[in-house]
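Trainee: For the sequence shown, the working numbering begins at 6 and goes up steadily by one.
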Amino acid sequence: MEEDSLYFYHHNDSFGEFSNLYPSPIELDGHTWPTTEHYFQAQKFISDETHFHNVLQLSKPIEALFYSRKHQSAVRSDWAQVNDGIMLKACMAKFKQHLWL
6 MEEDSLYFYH HNDSFGEFSN LYPSPIELDG HTWPTTEHYF QAQKFISDET
56 HFHNVLQLSK PIEALFYSRK HQSAVRSDWA QVNDGIMLKA CMAKFKQHLW
106 L
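#1: With distance defined between alpha-carbon atoms, name the residue in 22, 26 and 19 nearest to residue 68.
#2: Could you compute how far the alpha carbon of residue 31 sits from the alpha carbon of residue 70?
#3: Check for me: the alpha helix (DSSP H) holding residue 68 runs from which residue to which?
#4: Since residue 29 and residue 103 are thought to touch, with beta carbons under 8 Å apart, how far apart are those beta carbons, to the nearest angstrom?
#5: Between 80, 101 and 85, which lies nearest to residue 53 when the distance is taken from Cα to Cα?
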């Protein structure tokens, strides 16, 4: 099974287009997100408009990740229960809106 696996992480490496850091904007929940990582990180702050919009405005996806780590105390209380569904929603939007992927 290991030989059938495909590994990717960095958006500029082989298969990087599958990474959440890859610059493929998505339209989701009334906003245009530069990457799926931006969307995912912003959802941690769904009840905090300031943090939510701060993540949306960041230029790089890694900045979104670092921002959410820095503001961990503001992350929604149900994050552990909802994060997988949110990532699925973001990835589905990415691949439906960018069919060439």
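All C-beta atoms, glycine included, are put in the ideal place defined by N, C-alpha and C.
Mentor: Per the coordinate set shown:
#1: 26
#2: 17 Å
#3: 66-75
#4: 5 Å
#5: 80
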